[in-house]
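>
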Amino acid sequence: MVGNRLLRGDRVRLTSFEDQDLEVFAAWQEDTLYLRLLDADPAFPRSRIQLTEWLQSQRKSSNSYLFGIRMLDNPRLIGHVELSSILWNQGTAWLGMAIGDAAFRGKGLGTEALRLVLDFAFFELNLHRIQLTVFSYNEHAIHVYERVGFRREGAFREFLRRDGRRYDMLLYGLLRSEWEAGTREEEHPLDPSHSG
Ligand SMILES: CC(C)(COP(=O)(O)OP(=O)(O)OC[C@H]1O[C@@H](n2cnc3c(N)ncnc32)[C@H](O)[C@@H]1OP(=O)(O)O)[C@@H](O)C(=O)NCCC(=O)NCCS
Numbered sequence: 133m134v135g136n137r138l139l140r141g142d143r144v145r146l147t148s149f150e151d152q153d154l155e156v157f158a159a160w161q162e163d164t165l166y167l168r169l170l171d172a173d174p175a176f177p178r179s180r181i182q183l184t185e186w187l188q189s190q191r192k193s194s195n196s197y198l199f200g201i202r203m204l205d206n207p208r209l210i211g212h213v214e215l216s217s218i219l220w221n222q223g224t225a226w227l228g229m230a231i232g233d234a235a236f237r238g239k240g241l242g243t244e245a246l247r248l249v250l251d252f253a254f255f256e257l258n259l260h261r262i263q264l265t266v267f268s269y270n271e272h273a274i275h276v277y278e279r280v281g282f283r284r285e286g287a288f289r290e291f292l293r294r295d296g297r298r299y300d301m302l303l304y305g306l307l308r309s310e311w312e313a314g315t316r317e318e319e320h321p322l323d324p325s326h327s328g
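In terms of the numbering used here, the sequence shown is residues 133 to 328.
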């Protein structure tokens, strides 16, 4: 049936991001490794008020979608994934994600959540292209993005300076046609070409 797999995988689901999730989310802001993997801004924990204002602005936005990532059988937030700065006229969006709870990393959950948000982007929002940036030292994230089909399109050379060294910030992109071709190989249930 159409939509029966939308936002719901074998182990994780993409959900709304609720006020009460800010408690868990605020704890991740204390994790400087998490901050340095996600952001080029100074690794500085944002206050609860800043996080509340951020969440409110997310809700008002007409060109971004923020999801909470949760296990199917547990309401606790384990991560977040966002499509942002959507250009509706061009069909493009930026993607950012994290499994914030380190205990849940490396178990295939991020890959599953990524596939779910890409299905949402290409088959529900009908976008054409998703792009992201990732720091060159984030080998795990690079592996996961390439694994689902993102292609490296370029590098912002020596964009970051951390711990006395400079690092590139890499640009990755994925086109709808590439996602459809990849999902067709896997006989994906949301691929429209499999509607019969
Ligand atoms: C990057 C992130 C979202 C990936 O989610 P995850 O659930 O931890 O990743 P998965 O368990 O799905 O990844 C499994 C794959 O990564 C590979 N992998 C695991 N650790 C790795 C490492 N250090 N380097 C390279 N590959 C690695 C596994 O071998 C596996 O590969 P396979 O699918 O080809 O078998 C998550 O680790 C995370 O949130 N990290 C911190 C924040 C972050 O970096 N966000 C991305 C910013 S661009």
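Even for Gly, the Cβ is constructed at its ideal location relative to N, Cα and C. Keep in mind it's a predicted model, so treat the numbers as computed, not measured.
In chain order, which continuous runs of the beta strand (DSSP E) of length 3 or greater are located wholly inside the segment 148 to 212?
Entirely contained in the segment 148 to 212, the beta strand (DSSP E) runs reaching 3 residues are, in chain order, 197 to 203.
> Determine the closest residue to Q222 out of F252, H260, E290, with distance taken between C-alpha atoms.
If you number the sequence shown from 1, residue 222 lands on position 90. For Q222, the nearest C-alpha among the options comes from H260.
> If I measure Cβ to Cβ from M229 and keep anything under 6 Å in the same chain, skipping five residues before and after, which residues do I get?
As a working note, residue 229 is residue 97 in the sequence shown. Hits under 6 Å: V213.
> Helix or strand or just coil, what does DSSP make of Y269?
Taking the first residue of the sequence shown as position 1, residue 269 is located at position 137. Coil, per DSSP.
> Taking C-alpha atoms, which residue in P174, M203, E278 lies nearest to T147?
Against the sequence shown, residue 147 aligns to sequence position 15. Of the candidates P174, M203, E278, the one whose C-alpha sits nearest the C-alpha of T147 is M203.
> Along the chain, where does the beta strand (DSSP E) that runs through D300 open and close?
If you number the sequence shown from 1, residue 300 lands on position 168. Its beta strand (DSSP E) spans residues 297 to 307.
> On the criterion of 16 or more Cβ atoms from any shown chain inside 10 Å, does L219 qualify as buried, or is it exposed?
If you number the sequence shown from 1, residue 219 lands on position 87. Exposed, by the Cβ-count rule.
> Could you spell out where the beta strand (DSSP E) holding L246 opens and where it closes?
By 1-based counting over the sequence shown, the position of residue 246 is 114. Run containing L246: none in the beta strand (DSSP E); it sits in the alpha helix (DSSP H), 241 to 251.
> Rounded to the nearest angstrom, how far is the Cβ of I262 from that of L198, given a contact under 8 Å?
The sequence position of residue 262 within the sequence shown is 130, counting from 1. The sequence position of residue 198 within the sequence shown is 66, counting from 1. In fact, because the Cβ distance is near 15 Å, the residues do not count as touching under 8 Å.
> For A230, which residues does DSSP report across the bridge?
Taking the sequence shown and counting its residues from 1, one reaches residue 230 at position 98. In DSSP, A230 forms a bridge with H212.
> Let me check understanding here. Comparing Cα to Cα, which of V276, V266, A273 lies closest to G286?
Working through the sequence shown from its first residue, we reach residue 286 at position 154. Here the closest residue by C-alpha is V266.
> Considering Cα atoms alone, identify which of L248, G232, L303, Y299 is closest to T315.
Locating residue 315 in the sequence shown gives position 183, counting from the first residue. It is L248.
> Kindly list the residues whose CB is nearer than 6 Å to the CB of D153, restricted to its own chain and excluding five residues on each side of it in sequence; keep chain order.
To locate residue 153, count along the sequence shown from 1; it is residue 21. Within the same chain, D153 has close Cβ partners G200, L209.
> Between the Cα of D251 and those of F176, R308, Q182, spot the shortest distance and give me the residue it belongs to.
For the purposes of this step, residue 251 is taken as the residue at position 119 of the sequence shown. Nearest C-alpha to D251: R308.
> Do the segment 154 to 163 and the segment 228 to 246 meet, that is, are 3 or more Cβ pairs less than 8 Å apart?
Cβ pair count under 8 Å is three or more, so yes.
> Give me the Cα-Cα distance between L187 and S194, rounded to the nearest whole angstrom.
Residue 187 sits at position 55 when you count from the first residue of the sequence shown. Residue 194 sits at position 62 when you count from the first residue of the sequence shown. Approximately 13 Å, taken between the alpha carbons.
> So which of V280, Y304, R168 has the shortest CA-CA distance to E318?
Residue mapping note: residue 318 aligns to position 186 of the sequence shown, counting from 1. Here the closest residue by C-alpha is V280.
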